[in-house]
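Each remark here refers to the structure printed beneath this line.
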Amino acid sequence: MKIKKIKLLKALALTGAFGIVATVPVIVSSCSSTSENNGNGNGNGGTDGNTQQTEVTPAIKSEVSLTGALSKIYDTKTGTDRETTSQLIVKDIKANPENYFTNGEALKDVIASATVTVDGGFTESTFTGEAYSVWSAKADVKKGTYSQASKQLDIKSINDLQTVLGDSAAIKGICDLIPNLKLNNGTDYKVTNNGLSLSEDLLHINVTAKDGQTDVSMDLAIPVSDLNLKIDGLKISVSGTGIKTSELTTNYKFNIGIDNTVKTLTPAAVTLAEADRTNAEKVLEKLGYATVSGSTYTLDQDKLADALGLYNCKFEAVKSEKDSTNNNKYTVTLKATPNDGYFWEDGTNGAKEEISFVATFS
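First residue of the sequence shown? That's 469 in my numbering, and the numbers climb one at a time after it.
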């Protein structure tokens, strides 16, 4: 399963990058215009002059699979200048045609000025009930973050969440993996149509259930890197000078990457023997971010993800170093590697070792 730049969700149609190779050939056609000069007195004696105009036919990839930042498919602005998901995909097609067409290089010079439209069947949000600021502020609302043990979700639009999260049993399974949302006698789980919120790379959804005879309301926060926009039969229309007018279809998938911006973490001061303060695993265990059995330390991945705002990564302890000016402060450094099937926003999935925070000892 990202300080964060994303504001309140309005009408969400969630819709870097690697295109999957298809077998459609490159097609270039030539149009000839011929004029004949018959004895025009210039001494050329009836020679023919041919002018060639080259027109490129877009050859769409049958599968387009991309990875990148949420901003590639969702505009967080709420004003009149907000761009739709379709408009953002069009911008990417013009900027990176090689990700969409097998002859993308041949299209680079002509597609930038072409007319391109996209139809993914995107729909307006049906989450039109109580605003997030209202339902989430109620005193009895339980809050929890989607577990790294839960699967990624393929959606055609945000409205799919009411079905892809599954029936009551499936949602119960999701909530049972989250300590704050696990109920003793939970039944009748469902996703409501109350308003959503997108903040700090988390999409907040209202889930209700019963715990015995008691009604329960929950704020389920799903990291956006757990969402893939998957459109089978995305329609792309292209026309313009130097490009053959074409109506095309492809299967489109956009894997939202992990934002590697880390929240500022300032844990409360703890007591630890000075000799152990340079042992990063012992420090993490003392801070409550790891458990120990014998000599084996196990990091609490979900707890670290919530604390750092960095989701769907595997964390490993690297080092703990004393501050040069304060003997009671140590910089703890972690390594974060995206889980299988996840990527950073730049499309890579290698480990990052600059994840750090300061621990204070008393």
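Ideal Cβ positions, reconstructed from N, Cα and C, are used throughout, including at glycine.
{"query": "First and last residue of the uninterrupted alpha helix (DSSP H) at Y600", "result": "600-603"}
{"query": "Beta-bridge partners of C781, as assigned by DSSP", "result": "P806"}
{"query": "beta-carbon L716 near the ligand FMN non-hydrogen atom, thresh 7 Å", "result": "Here there are no bound small molecules, and the ligand FMN is not part of this structure."}
{"query": "Nearest-angstrom Cα separation, counted from L671 out to N652", "result": "26 Å"}
{"query": "Beta-carbon gap between E784 and K803 smaller than 8 Å", "result": "yes"}
{"query": "Length-filtered (4 minimum) alpha helix (DSSP H) runs lying within the region 568-648", "result": "572-579, 600-603, 629-632, 636-644"}
{"query": "Under the three-state DSSP convention, the category T660 falls into", "result": "coil"}
{"query": "Distance CB(L649)-CB(L688) smaller than 8 Å", "result": "yes"}
{"query": "Neighbour-count burial assignment, S665, 16 or more Cβ in a 10 Å radius", "result": "buried"}
{"query": "Residue of D744, G762, V684 minimising C-alpha distance to L755", "result": "D744"}
{"query": "Neighbourhood of L716 by C-beta distance below 8 Å, restricted to the same chain and skipping five residues each side", "result": "P526, I528, K703, I704, S705, V706"}
{"query": "L695 beta carbon less than 8 Å from that of V659", "result": "no"}
{"query": "Segments assigned beta strand (DSSP E), at least 3 residues, entirely inside the region 683-755", "result": "695-708, 711-724"}
{"query": "4 or more residues per run - each alpha helix (DSSP H) lying fully within the region 526-564", "result": "553-563"}
{"query": "Residue range of the alpha helix (DSSP H) that includes K650", "result": "First-last for K650: undefined, no H or E at that position."}
{"query": "Cα-Cα separation between Q616 and D577, rounded to whole angstroms", "result": "43 Å"}
{"query": "Coarse secondary structure for A758, derived from DSSP in three states", "result": "strand"}
{"query": "Neighbourhood of P647 by C-beta distance below 8 Å, restricted to the same chain and skipping five residues each side", "result": "G612"}
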